[in-house]
Ligand SMILES: C[S@@+](CC[C@H](N)C(=O)[O-])C[C@H]1O[C@@H](n2cnc3c(N)ncnc32)[C@H](O)[C@@H]1O
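Residue numbers (the working numbering): 25 to 133.
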């Protein structure tokens, strides 16, 4: 994703947050979103253990509600990696929901 310093990054459907925490090592504003309560709880524990809780936050939500739960936020980069699209009922809705959270000129990676 290139140089992330200073970037606000949303990691969608983060699983247990390892990639979110890798991002948080490179910027001070990383947000993960996942609809699994278990994933969120474990990611928060990992962030504490890694000393990254002040740079990484984890939101418990359905990705289709991201525009509502993150309405005050906008991001330079939105990141989604392997395994996130396979079971989604509406791929176009997923992409447009996330892209609406990008700052002008932001990237959906
Ligand atoms: C295969 S895992 C993602 C793995 C991740 N890319 C990684 O590399 O670690 C899929 C994740 O998507 C989440 N997920 C699936 N559908 C979702 C939805 N509609 N809203 C939010 N999270 C969702 C699941 O809870 C799970 O954590």
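By construction, the Cβ of each residue, glycine as well, lies at the ideal position given by its N, Cα and C atoms.
Query	Result
Distance CB(residue 88)-CB(residue 33) smaller than 8 Å	no
Rounded separation between residue 90 and residue 78 - CA only	21 Å
DSSP-derived helix/strand/coil call for residue 55	strand
Beta-carbon gap between residue 109 and residue 115 smaller than 8 Å	yes
Bounding residues of the beta strand (DSSP E) (the contiguous stretch that carries residue 36)	32-36
Environment of residue 35 [buried if 16+ CB atoms lie within 10 Å]	buried
Between the CA atoms of residue 118 and residue 112 - distance to the nearest angstrom	8 Å
Residue 46 versus residue 129 - alpha carbon distance	23 Å
Rounded Cβ spacing between residue 71 and residue 38 (contact assumed at less than 8 Å)	No, residue 71 and residue 38 are not in contact; Cβ-Cβ is about 11 Å, not under 8 Å.
Sequence-distant residues of the same chain with beta carbon closer than 6 Å to residue 50, five excluded per side	28
Residue 111 beta carbon near ligand 1 (any heavy atom closer than 7 Å)	yes
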